[in-house]
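Data first, discussion second: the structure below is written as structure tokens.
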Amino acid sequence: MEAYETAVALRRASTRLALRLRAERTGDGLGSTGVAVLGQLHRHGSLTASEIAKAERVQPQSLTRVLTSLEEQDLINRRQDPQDRRRQTIELTATGRALLKEHMKSSDDWLADAIAERLNPTEQAVLQLATRLLDQLLDG
-1 MEAYETAVAL
9 RRASTRLALR
19 LRAERTGDGL
29 GSTGVAVLGQ
39 LHRHGSLTAS
49 EIAKAERVQP
59 QSLTRVLTSL
69 EEQDLINRRQ
79 DPQDRRRQTI
89 ELTATGRALL
99 KEHMKSSDDW
109 LADAIAERLN
119 PTEQAVLQLA
129 TRLLDQLLDG
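As structure tokens, this is what we get:
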């Protein structure tokens, strides 16, 4: 299979996987952008809205409503930067961290069960190698 065919197959499979994981997620009402914001804060710690927007490849204005909703649900806190009072940093609250962990667990549980039930040990090893290759591809 040439690189283009591999790219098409990978895009299709990853899209289907993302949709299925979203369907398996516990009903938290966050939406995909809300989950993405919480995930960025979980991985990187405090960030500005601009930093989150850059990481998610969206305009900062697109996050305004999501950030307001997350703050109203006590999932994030906004704090004024002590060095630059014009800047706000956003951080995950304990409630936000707990909800994100619950979300990840429901997705991970479904995926682990599907892998164990549908793939033999060799296929599982190939999938594990593929995840390392995807990380390498995405980190480059």
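Just so we're aligned, residue -1 is where the sequence shown starts under the numbering used here, counting upward by one. Even glycine gets a Cβ: it sits at the ideal position worked out from N, Cα and C. Predicted, not measured: the structure shown is a model, and the values here were computed from it.
Excluding its 5 nearest sequence neighbours in each direction, Ser44 has C-beta neighbours in its own chain below 8 Å: Arg77, Thr87, Ile88 and Glu89, listed in chain order. Remark: three or more beta-carbon pairs, one from each stretch, lie closer than 8 Å, so the stretch 98 to 110 and the stretch 15 to 23 are flagged as touching. If you draw a straight line from the Cα of Asp82 to the Cα of Thr129, it is about 40 Å long. Membership of Gln134 in the alpha helix (DSSP H) is indicated by the continuous run Pro119 to Asp137. For Ile74, the number of other beta carbons within 10 angstroms of its own is at least 16, and it is reported as buried.
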